[in-house]
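Heads up: the structure comes next, in structure tokens.
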Amino acid sequence: MPAPSNGVELYKIVNGKFITNSAAGGIWKNPDEKLEPGEGAIVFNPGSRTFTANFRGELLQGDLVNRIPAGLSIKGSLVPQSGPITSGLQLQLSPFDNLYQWKTNRYEVYTYLPNGTWSPSEPLIRLGESFIIRANQSATWSR
Amino acid sequence: MKTLLCVGLFAVIAGVWNAAAQGTVNFANGAAGVNAPVQPILNGAPVEGAGWRAELLIVKADGSSKLIGQPATFEYAELAGYFFGGSVIVPRVEPGTTATFQIRVSDALGTVERFSNPVTVTLGGVKTPPPNLIGLENWASKALTMLPQLAISIAQQTVSRSWSKDLLNAILEFTESLAKPNWVSATEAPQTTGEKLTLTFNMPSFQRYYRLRLP
């Protein structure tokens, strides 16, 4: 991902903790940082202009497993697909696990219920969008 | 077949964080690490639906508490006892700092209430999602308070207020404005009528609000 304008920050969650990478002078502070398939990140853009980051690669084949650790993690679909997170993207979590989706200026909190539904509603994930999961125990997201 | 894809897994946050950001908390008794449904309180009936509500209070350093956010309603059927109020902004408390909360559960008629144990969490906000109320305990052991009911009856020239005779020490107070209340205690002694204590006044010529205060 090319370094964008000064002040842009990229956050990942590693072992439940946020780590920060920042851009200055056209380079990332940590240019070797990796973003693996199925892993998500949060980008903070302090400027008023949006920017586009393009990612290219080969579509993953076969049985795909995205491992979700206990605690906080940022995840995205291994399959380039949008839709409702469980009925469409087939993510199953443990009862009362949480999913956080960024909505303009705050996180919307979703809770996976014991009956397999979501409160307040099933999250709709856009293509290429990541989200935060707070899981009570580790899980696997298989496709 | 291999296909090129062009996606980025990002949640993009654009210029909305600032130094005045306020903390957040997930107001729910069912969440990752939290499983504390409210057990039946009255006659074994489940705590469910719009007949019940949960309110979030922030507990200040001096022990007083203040209501924040909007009340949450309870779920139904197999999820009775649970509420999912979502992210609540904690005014004037910054993300990353700790705050102590308590939950008040009451019925819509205001006849009973029950408080949770206090729970202290580190607030979310900015890039951090709202924390869950880890440490929320089973509600069964919490004291149940029967809230006093104040009844009113109006005759041609009089108005009577009555309440349970079990509340012998209760003091009836009144004020003529809720905008700038000046609560005054009724000086008359209530009369016992069956299971009730009753105070009867001449009908005032102006509006008057009443409350029952427990000393």
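Those protein sequence lines, which keep their order, are chains A and B.
Reading the first sequence from the start, the letters are residues 1 to 143 in my numbering.
Reading the second sequence from the start, the letters are residues 1 to 215 in my numbering.
Glycine included, C-beta positions come from ideal geometry on N, C-alpha and C.
None of the values given here were measured: they were computed from a predicted structure.
Assigned exposure category for residue i - 16 Cβ within 10 Å defines buried
i	result
W183 (chain B)	exposed
K75 (chain A)	buried
Q61 (chain A)	exposed
G49 (chain B)	exposed
R126 (chain A)	exposed
C6 (chain B)	Note that C6 (chain B) scores a pLDDT of 35, beneath 50, so its modelled location is shaky; the value from the coordinates is reported in the next line. The residue is exposed, with fewer than 16 neighbouring Cβ atoms inside 10 Å.
Y76 (chain B)	exposed
Q70 (chain B)	exposed
A36 (chain B)	buried
L67 (chain B)	exposed
S177 (chain B)	exposed
F206 (chain B)	exposed
N105 (chain A)	exposed
L4 (chain B)	Reliability of the predicted coordinates at L4 (chain B) is poor, the pLDDT of 37 falling under 50, and the value obtained from them is presented with this limitation in mind. Exposed, since its Cβ has fewer than 16 Cβ neighbours within 10 Å.
A28 (chain B)	buried
V14 (chain A)	exposed
T140 (chain A)	exposed
V65 (chain A)	exposed
Alpha-carbon to alpha-carbon, residue j and residue i
i	j	result
E58 (chain A)	E36 (chain A)	13 Å
G26 (chain A)	N6 (chain A)	7 Å
E98 (chain B)	L109 (chain B)	Per the sequence presented here, residue 98 (chain B) reads as Thr, with Glu not at that position. Straight-line Cα distance between these residues: approximately 33 Å.
L113 (chain A)	R208 (chain B)	48 Å
D107 (chain B)	S160 (chain B)	26 Å
E33 (chain A)	L10 (chain A)	10 Å
V126 (chain B)	P204 (chain B)	54 Å
Q157 (chain B)	P181 (chain B)	25 Å
S47 (chain A)	S22 (chain A)	Residue identity check: residue 47 (chain A) is Gly in the sequence provided, not Ser. Their backbone Cα atoms lie some 14 Å apart in a straight line.
A170 (chain B)	W163 (chain B)	9 Å
K165 (chain B)	P190 (chain B)	10 Å
Y100 (chain A)	A179 (chain B)	40 Å
V43 (chain A)	G128 (chain A)	13 Å
P130 (chain B)	L136 (chain B)	16 Å
K12 (chain A)	F18 (chain A)	6 Å
V90 (chain B)	V112 (chain B)	26 Å
L199 (chain B)	L42 (chain B)	29 Å
P84 (chain A)	R143 (chain A)	14 Å
N98 (chain A)	K29 (chain A)	31 Å
G85 (chain B)	E188 (chain B)	45 Å
R211 (chain B)	W52 (chain B)	22 Å
Residues bridged to residue i [DSSP beta-bridge criterion]
i	result
I58 (chain B)	B:K66, B:F101
Y209 (chain B)	B:T175
G23 (chain B)	B:V90
P84 (chain A)	A:L124
R53 (chain B)	B:T73, B:S106
R49 (chain A)	According to DSSP, R49 (chain A) bridges with nothing at all.
L197 (chain B)	B:W163, B:T192
Y107 (chain A)	A:W102
T145 (chain B)	B:E113
A31 (chain B)	B:V34
V184 (chain B)	B:F174
G38 (chain A)	Answer is none; G38 (chain A) lacks a bridge partner.
Cβ-heavy atom distance, residue i to the ligand ZN, below 8 Å
i	result
R134 (chain A)	Among the components modelled here there is no ligand, and therefore nothing to report on the ligand ZN.
Start and end residues, beta strand (DSSP E) containing residue i
i	result
V38 (chain B)	No beta strand (DSSP E) holds V38 (chain B); DSSP gives it neither H nor E.
W9 (chain A)	Residue identity check: residue 9 (chain A) is Glu in the sequence provided, not Trp. Segment 9-14, the beta strand (DSSP E) holding E9 (chain A).
V216 (chain B)	Nothing can be reported for residue 216 (chain B), as the shown portion of chain B is limited to 1 through 215.
A135 (chain A)	131-135
K17 (chain A)	17-24
R143 (chain A)	Where R143 (chain A) is concerned, there is no enclosing beta strand (DSSP E), given that its DSSP letter is neither H nor E.
I152 (chain B)	151-154
A41 (chain A)	41-45
V112 (chain B)	112-115
G71 (chain A)	71-75
I68 (chain A)	65-68
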